[in-house]
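Residue numbers (the working numbering): 325 to 624.
Glycine included, every Cβ here is placed at the ideal spot set by N, Cα and C.
First the structure, in the form of structure tokens, and then the observations on it.
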Ligand code: CP
Ligand code: NVA
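Here's what the structure looks like:
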């Protein structure tokens, strides 16, 4: 089984992965993959958290990570993704791929004999979404009756995956951003099949009303640098600052997938304040990386 999209996991699959993560916290040392299981990380874009959490995860499960920067691979010289996937998967047990184009991850998965994990593409960040719902569950017990407000660039990979995964678990999702930036219609419509998912573009106050979680992501995602100036201006009114947070529930918690840009999508007082759970969110990436690897190995 591949995990290239948040749609690959049923609600039962998601809950299974969250349960594996819970069991790991209680039972650290007894769980492992087969000896010397290998995870190849094939990355076209920078990463701090996803790379190191997956590398640490496979080591702690008794396996070995192999990192390859796509720019130093033969793909740089024209080898196809499909040929690369066939060869890499003949050596290793898992591939985690971070690519610019989602279609490249799909091509990798179609040609790989080992499970392929999407470690971020232009359209999705499904491992992040699992970490996010796990973190929310730690605070609220479950996702039902939780209102998640995603503010800023509501069409990011992080937003797409979060709305699908959270909606599958029954959360209400409000997307709040400028009218010039629609949500990705495919993900938005899909998420609405699972739960209440709203798009607010005219009122931050209304969109954030009663929100339990206020989430934001960068205004300039990797690959969008040429459009940075326009994007920063467009999204500026949707900054997550203390005024915006005051519209949410009094107990609302603040999340961000990181990396954060203080003074752009979020202010320092909010991300470093006592409502922020971004550090535990980031820490949970390791636990979820392990749970994903164990889940996929059981599916083989
Ligand atoms: N949240 C996240 O994916 O961070 P990295 O880009 O550092 O992996
Ligand atoms: N939307 C961001 C997420 C980074 C983890 C990006 O793609 O750069």
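Return helix, strand or coil for residue i, following the three-state DSSP convention.
| i | result |
| --- | --- |
| residue 419 | strand |
| residue 367 | strand |
| residue 599 | coil |
| residue 577 | strand |
| residue 393 | strand |
| residue 591 | coil |
| residue 457 | helix |
| residue 440 | strand |
| residue 378 | helix |
| residue 564 | strand |
| residue 408 | helix |
Is it right to say residue i is buried, meaning 16 or more other beta carbons lie within 10 angstroms of its own, or is it exposed?
| i | result |
| --- | --- |
| residue 627 | Residue 627 is absent from the structure shown; the chain starts at 325 and stops at 624. |
| residue 456 | buried |
| residue 509 | exposed |
| residue 463 | exposed |
| residue 477 | buried |
| residue 387 | buried |
| residue 349 | exposed |
| residue 504 | exposed |
| residue 513 | exposed |
| residue 414 | exposed |
| residue 431 | buried |
| residue 550 | exposed |
| residue 597 | exposed |
| residue 567 | exposed |
| residue 428 | buried |
| residue 561 | exposed |
For residue i, I'd like the list of residues in its chain whose CB is within less than 7 Å of its CB, leaving aside the five on either flank, ordered along the chain.
| i | result |
| --- | --- |
| residue 623 | 325 |
| residue 565 | 591 and 594 |
| residue 582 | 373, 602 and 606 |
| residue 511 | 484, 487 and 488 |
| residue 491 | 497, 515, 518, 519 and 521 |
| residue 461 | 342 and 467 |
| residue 426 | 445, 446, 447 and 448 |
| residue 586 | 592 and 595 |
| residue 552 | 544 |
Spatial neighbours of residue i within its chain, please: C-beta separation below 6 Å, excluding the five flanking residues on both sides.
| i | result |
| --- | --- |
| residue 494 | 467, 468 and 519 |
| residue 556 | 543 |
| residue 546 | 369 |
Tell me which same chain residues have a C-beta within less than 8 Å of the C-beta of residue i, skipping the five on either side of it?
| i | result |
| --- | --- |
| residue 609 | 373, 374, 377, 451, 452 and 455 |
| residue 459 | 579, 601, 604, 605 and 608 |
| residue 548 | 555 |
For ligand 4, I want to know if residue i counts as a neighbour, meaning its beta carbon is within less than 7 Å of at least one of the ligand's heavy atoms.
| i | result |
| --- | --- |
| residue 540 | Ligand 4 is absent from the structure shown, which contains only ligand 1 and ligand 2. |
For the structure I just gave you, are there three or more beta carbon pairs, one from the region 391 to 402 and one from the region 335 to 347, closer than 8 Å? Of all C-beta pairs linking the region 391 to 402 to the region 335 to 347, fewer than three are shorter than 8 Å, placing the two stretches out of contact.
Inside the region 469 to 543 only - alpha helix (DSSP H) runs reaching at least 4 residues: The region 469 to 543 contains these whole alpha helix (DSSP H) runs: 481 to 492, 509 to 518 and 528 to 532.
Decide if the region 436 to 443 is in contact with the region 380 to 396; the criterion is three or more beta carbon pairs, one per stretch, under 8 Å apart. Contact fails: fewer than three Cβ-Cβ distances are below 8 Å.
Check whether the region 477 to 497 and the region 405 to 420 touch, using three or more Cβ-Cβ pairs below 8 Å as the test. No, they do not touch.
Does the count of Cβ pairs from the region 522 to 540 and the region 563 to 578 closer than 8 Å reach three? The region 522 to 540 is in contact with the region 563 to 578.
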